[in-house]
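Notes for the one structure printed next.
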Amino acid sequence: MLEEGVNVFRINFSHADYKDVAERITMIRELNEEFGFTAAILADLQGPKLRVGVMEEDVVVNPGDEIIFATGERFVGNKERVYMTYDRFPQDAKPGERILLDDGKLLFTVVSTNGKNEVLAKVVQGGPLKSKKGGVNLPNTNISQPALTEKDIEDAIFAIGQDVDWMALSFVRHAEDLMQLRDLIAKHGTHKIPIIAKIEKPEAVENIDKIVTHCDGIMVARGDLGVEVPAEEVPLIQKQLVLRAKKARIPVIIATQMMETMIDSLTPTRAEVNDVANSVMDGADAVMLSGETSVGKYPVEVIRQMSNILKNVEDSDLIQVPQLPPHIRTNRYITKSICYHAALMANEIDASAISTLTNSGYTAFQISAWRPSCHILVFTSNKRILTRLSLLWGVFVLFIMISLLAPTKLSKMLML
1 MLEEGVNVFR
11 INFSHADYKD
21 VAERITMIRE
31 LNEEFGFTAA
41 ILADLQGPKL
51 RVGVMEEDVV
61 VNPGDEIIFA
71 TGERFVGNKE
81 RVYMTYDRFP
91 QDAKPGERIL
101 LDDGKLLFTV
111 VSTNGKNEVL
121 AKVVQGGPLK
131 SKKGGVNLPN
141 TNISQPALTE
151 KDIEDAIFAI
161 GQDVDWMALS
171 FVRHAEDLMQ
181 LRDLIAKHGT
191 HKIPIIAKIE
201 KPEAVENIDK
211 IVTHCDGIMV
221 ARGDLGVEVP
231 AEEVPLIQKQ
241 LVLRAKKARI
251 PVIIATQMME
261 TMIDSLTPTR
271 AEVNDVANSV
281 MDGADAVMLS
291 GETSVGKYPV
301 EVIRQMSNIL
311 KNVEDSDLIQ
321 VPQLPPHIRT
331 NRYITKSICY
341 HAALMANEID
351 ASAISTLTNS
361 GYTAFQISAW
371 RPSCHILVFT
381 SNKRILTRLS
391 LLWGVFVLFI
401 MISLLAPTKL
411 SKMLML
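In full-length UniProt numbering, the protein residues as written are 1 to 416.
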């Protein structure tokens, strides 16, 4: 996988066993060390994922049926009653709101709630109702459950201890959700871990301007987003989110169903090829595979196919990102301005590369955000950011031992 072009490994904490995760992290880092790779590790927290409980076999619900979603003590569900993992659902639900199960395959509307432990719903779109199949989406319900659950807190503390490069928070709705995770990292970590906000709720789309000021990158998670909002709205939302991330000068990842047919097939569809290519053309820093590599039959082949698509389009002149120079005079204004003009000058003189020396990685983020039409060579003596910067567009990171370099040699190197 590394040889075919993987830059970042995502660890999904929805299904993670700490022992297995620790072993995989160790393996990735050993491969990085042995073969000179700089693959990063992204810890993806589950967030408030809602699910139904265990069901009897062969339960099928039909349009017009009524069914009770109950909380409290767990039980085996049937055609009349289903256990819901979200304890506050009866308090939050309102008549007329929608309930979607199994990625939107099943649709219910709320008829009534007793406000304590039961919600009565009517089946609009039926089908098989299976144990823990997929998740529960409540696109109209104002959920009072925090974005950072008890499980997420435990997982985040574990991930901090493993010194992961990035951390992603699922089902972000407000900037405050990210601030809670930021505080947790500050409390339990020895250094900053950048945060990716996963955009998969309508509220997140509405609050994106505030969200981008409190995260270090965003992920357009099209799976749950496509269930929470009408599917036909997702393409424009994706483009709007990418544009907003580019204006904020933070990286953006496009995720879900990029090459899904390659779970079982050796070749992607033409539509999937176009989807991957267009995501890059929109300005994405990274495209993400999930089921294709986690449970698919051809994990190496799908990475090779995706890498070929990326290499073919990522240097296109058709890729456009906002090019307005920095104008807000913050304490980083001078650095931002230098990075902007370095990218601009590189394009004007057709430079082969821009080189920068950094300890925090900030200049790498800034130069990458301006999308110069050349390589970005980042030299650092900080091993911690060697892998972190692998997520960024166009960046190649090289480790140097500044303490061992004589000042004259360092000056000559910086002149290259």
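Even glycine gets a Cβ: it sits at the ideal position worked out from N, Cα and C.
For this session: In angstroms with no decimal places, state the Cα-to-Cα distance between ILE377 and TRP393.
Result: Indexing the sequence shown from 1 puts residue 377 at position 377. Indexing the sequence shown from 1 puts residue 393 at position 393. The sequence as given places Leu at residue 377; Ile does not occur at that position. Distance between the alpha carbons of LEU377 and TRP393 is about 12 Å.
Problem set entry | Own chain residues within Cβ distance below 6 Å of LEU416, not counting five before or after | Here the question's residue 416 lines up with position 416 in the sequence shown. Because the pLDDT of LEU416 is 45, which lies under 50, any placement of that residue in the model is unreliable, and the number read from its coordinates should be weighed accordingly. Within the same chain, LEU416 has no close Cβ partners at all.
Exercise. Using the beta-carbon count (16 or more within 10 Å), is LYS383 buried or exposed?
Worked result: If you number the sequence shown from 1, residue 383 lands on position 383. So LYS383 ends up on the exposed side.
For this session: May I ask you to verify whether the region 86 to 101 touches the region 14 to 30, counting CB pairs closer than 8 Å and requiring at least 3?
Result: Contact between the region 86 to 101 and the region 14 to 30 is absent, because fewer than three Cβ pairs lie under 8 Å.
Exercise. Does the region 310 to 320 come within contact of the region 338 to 347, defined as at least 3 CB pairs closer than 8 Å?
Worked result: no
Exercise. From which residue to which residue does the beta strand (DSSP E) around HIS375 run?
Worked result: Residue mapping note: residue 375 aligns to position 375 of the sequence shown, counting from 1. Segment 375 to 380, the beta strand (DSSP E) holding HIS375.
Exercise. For LEU416, which three-state DSSP category applies?
Worked result: Locating residue 416 in the sequence shown gives position 416, where the first residue counts as 1. Reliability of the predicted coordinates at LEU416 is poor, the pLDDT of 45 falling under 50, and no value is obtained from them.
Exercise. In angstroms, rounded to a whole number, what distance separates the CA positions of VAL54 and ILE68?
Worked result: Sequence index remark: in the sequence shown, residue 54 carries index 54 (1-based). Sequence index remark: in the sequence shown, residue 68 carries index 68 (1-based). In a straight line, the C-alpha of VAL54 is about 15 Å away from that of ILE68.
Exercise. If you check the beta carbons only, do VAL124 and THR109 fall under 8 Å apart?
Worked result: Within the sequence shown, numbered from 1, the residue matching residue 124 stands at position 124. Within the sequence shown, numbered from 1, the residue matching residue 109 stands at position 109. Going by C-beta atoms, VAL124 is nearer than 8 Å to THR109.
Exercise. Does DSSP put GLY161 in a helix, a strand or coil?
Worked result: Reading the sequence shown from its first residue, position 161 is the one you call residue 161. Reduced to three states, the DSSP call for GLY161 is helix.
Exercise. Count the other CB atoms within 10 Å of the CB of LEU289; is the residue buried (16 or more) or exposed (fewer)?
Worked result: As a first step, residue 289 must be located in the sequence shown, where it is residue number 289. LEU289 is buried by the Cβ-count criterion.
Problem set entry | Contacting residues, own chain, Cβ-Cβ under 6 Å from ALA43 (five flanking each side not counted) | Residue mapping note: residue 43 aligns to position 43 of the sequence shown, counting from 1. Closer than 6 Å at Cβ, skipping near neighbours: ILE11, ALA159, VAL164 and MET167.
Problem set entry | Reduced DSSP secondary structure (H/G/I, E/B, other) of THR141 | For the purposes of this step, residue 141 is taken as residue 141 along the sequence shown, with counting starting at 1. The answer is coil: DSSP assigns THR141 none of H, G, I, E or B.
For this session: Please report the residue range of the alpha helix (DSSP H) in which GLU118 lies.
Result: For the purposes of this step, residue 118 is taken as the residue at position 118 of the sequence shown. Looking at the DSSP string, GLU118 is not in any alpha helix (DSSP H); the run it does join, the beta strand (DSSP E), is 118 to 125.
Exercise. What is the DSSP secondary structure of ALA93, reduced to helix, strand or coil?
Worked result: Reading the sequence shown from its first residue, position 93 is the one you call residue 93. Looking at ALA93 - three-state DSSP - the assignment turns out to be coil, as it is neither helix nor strand.
For this session: Taking GLY126 and VAL61 to be in contact with their CB atoms under 8 Å, please state how far apart those CB atoms are, rounded to whole angstroms.
Result: In the sequence shown, counting from the first residue as 1, residue 126 sits at position 126. In the sequence shown, counting from the first residue as 1, residue 61 sits at position 61. About 5 Å separates the CB atoms of GLY126 and VAL61; that is less than 8 Å, so the two are in contact.
For this session: Reducing DSSP to helix, strand and coil, say where ILE400 ends up.
Result: Along the sequence shown, one-based indexing puts residue 400 at 400. In the structure shown, ILE400 sits in coil (DSSP, three-state: anything other than H, G, I, E or B).
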